[in-house]
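In what follows, a single structure is set out as structure tokens and then discussed.
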Amino acid sequence: FYAVTPSETTFANLPDIPDYMEKVSPWMLLLTTLGLFLDRKNYAFNDSVTSVITGNLYLLFKFSGSILSITAYIAVYEKVHLFDLDIYNPWVWLLAFLAQDLIYYLGHRAMHEWGIFWAFHEMHHSSEYFNFSTAIRKPAFMEVGSTVFNLLQAFIIPPQLFVPHRHLNFVYQFWLHNEYVGSLGPLEYILCTPSNHRVHHGRNPYCIDRNYGGVLIIWDRMFGTFAEEREDEKIAYGLVHNVRSFNQIWLQWSTYDYFFRQKPFMKDANEKEYYPGLWNKFCSIFQPIGYFPGMKTRRFLWWRHLEDNTEGIPEVDHSVAKYNPDIAFEQKVYIFFQVFIIFVFSLEIDHKRLSLGWIDLWLQIALVVFSAQTFSYYLEKHHRARAIDVCRNSLIFAYLLRCFSLPLVLINLTSVPTLSYFAWRDDKQEKIRGKHLAGREKDG
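Under UniProt numbering, read the sequence shown as residues 1 to 444, first letter to last.
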């Protein structure tokens, strides 16, 4: 809730600043797990596990993104800062808080409106549910997309205040992702709340491109992007056209594919290109989401957005069932514990990354990514899921011959007997099915 004081969050040296996101990650996972077990209405196993896996990848890759962002910020700050502000002054701390929240609003808005920047954010909106797991459903490379906006603060805000406020702004937003808290009365005019953030995640026409704020909702009210939650219209969550997939690679990369490989080459019904010529194809990458030639746009800062954000947005059909393939109970148990162990392994990587060599660091990250993709095959009931899992465990065993890791040992110890049981059970069921069919043929 951003319930901190300037004195406890101000440090003279950047390495001394705690990683608040890492500190709260286990609590976020705990609350998500409790929601999964206690609230079957608002949580689905497949979707929640996908969000946890995505958040796990975000935490792994945010280190590289943070290095890029913070290194660039320090370099720019040293060259262009206009004032030498006292980092221990509470008013400067408050200024840094406001600057971070305003910049978050601008960056968040750009990710929704400025073409290719949507690719850095779409993953967060791909869930058809709205709960605590949605909060941690962050694209792996989102840090890269936000860097260009964070640098705007470097003219004024010292790095020692930029870093903690950047983390705390993220932490605050976790509690916004729930359907339990209703309107908070007068606070709705000042703060971002679950009510106005539900609108942001909705795909109803009135919800599109609304309520971008991180902590304060005043920016949306000032710049005309605010919309109040309607009591007479149920919000449907997700994308305008939901992807209906839990495939991590597809969810992380499909939007880049759309902007670079599909949109520039789109044609109308008469096979005429919408974007003829190399320059027009390049410009199409930065045009508003859902834009086609002839639609009216309006400039905001250095990008353009649709003048009518509801244009082309279909009404919600609530009769369409959410994508949620049914998975056997024993597979859910297996996936749950595997995801938990991978999460612990990821925390181990994060703690040891400075002492790990580059080869081991990237090999371990590759094992996490491969595991994430393997789990997505289970969640989609892919017929090759177990074969891929056998390959995953073989690679983990091979890596253990190079470098010991207790979480990886636990993965092998739990996976091998479980996969053997799955194979035995399937073989037994196949034999029973064969006998049943043979009996029917004999009777016939």
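Every residue gets a Cβ at the ideal spot worked out from N, C-alpha and C, and that includes glycine. Remember, predicted model here, so these are calculated numbers, not experimental data.
For residue i and residue j, I'd like the C-alpha separation in whole angstroms.
i	j	result
Leu-30	Lys-296	46 angstroms
Glu-128	Leu-106	25 angstroms
Gly-312	Leu-14	47 angstroms
Ile-249	Ala-385	15 angstroms
Ser-7	Phe-422	55 angstroms
Ile-208	Gly-294	20 angstroms
Asn-46	Lys-381	10 angstroms
residue 465	Pro-186	Beyond the ends of the chain as shown, which are 1 and 444, falls residue 465; an answer cannot be given.
Pro-159	Tyr-73	7 angstroms
Asn-242	Leu-85	47 angstroms
Phe-37	Ser-48	11 angstroms
Lys-281	Ile-103	29 angstroms
For residue i, which residues of its own chain have a beta-carbon under 8 angstroms away from its beta-carbon, when the five flanking residues on both sides are left out?
i	result
Val-76	Leu-151, Ala-154
Asp-350	Glu-22, Leu-59, Leu-60, Phe-63
Ile-285	Gly-115, Ile-116, Phe-259, Phe-260, Lys-263, Pro-264
Asn-412	Asn-393, Ile-396, Phe-397, Leu-400
Leu-408	Phe-345, Leu-367, Ile-396, Tyr-399, Leu-400
Check the C-beta distance from residue i over to residue j and give it rounded, since I have them as a contact under 8 angstroms.
i	j	result
Glu-113	Ile-341	Rounded, the Cβ-Cβ distance is 40 angstroms, inconsistent with contact.
Phe-246	Thr-33	Incorrect: roughly 18 angstroms between the Cβ atoms, too far for contact.
Pro-205	Thr-134	Pro-205 to Thr-134, Cβ: 21 angstroms. No contact.
Arg-244	Tyr-323	4 angstroms
Glu-122	Thr-255	5 angstroms
Which residues in the same chain as residue i place their Cβ atom closer than 7 angstroms to its Cβ, once the five residues preceding and following it in sequence are excluded?
i	result
Val-80	Ala-154, Phe-155
Ile-388	Thr-374, Tyr-377
Ser-346	Asn-56, Leu-59, Leu-60, Val-368
Thr-418	Tyr-334
His-165	Ala-96, Phe-97, Gln-100
Phe-170	Met-21
Who are the Cβ neighbours of residue i in its own chain at under 6 angstroms, not counting the five residues just before and after it?
i	result
Phe-370	Arg-392
His-383	none
His-167	Tyr-20, Met-21
Lys-428	none
Ile-157	Ala-96, Ala-99
Arg-203	Ala-236, Gly-238, Val-240
Under a CB-based cut-off of 9 angstroms, is residue i close to chain D?
i	result
Leu-95	You won't find chain D in this structure, because it holds only one protein chain.
Per the DSSP calculation, residue i is bridged to which residue(s)?
i	result
Lys-267	Glu-273
His-305	Arg-298
Gln-216	Looking at the sequence provided, one finds Leu at residue 216 rather than Gln. Beta-bridge pairing links Leu-216 to Leu-191.
Gly-202	Tyr-237
### Task
Could you say if the segment 198-212 and the segment 268-284 meet the contact criterion of at least three C-beta pairs nearer than 8 angstroms?
By the Cβ test, the segment 198-212 is not in contact with the segment 268-284, since fewer than three Cβ pairs between them sit closer than 8 angstroms.
### Task
Decide if the segment 184-198 is in contact with the segment 222-235; the criterion is three or more beta carbon pairs, one per stretch, under 8 angstroms apart.
Flag = yes, the segment 184-198 and the segment 222-235 touch.
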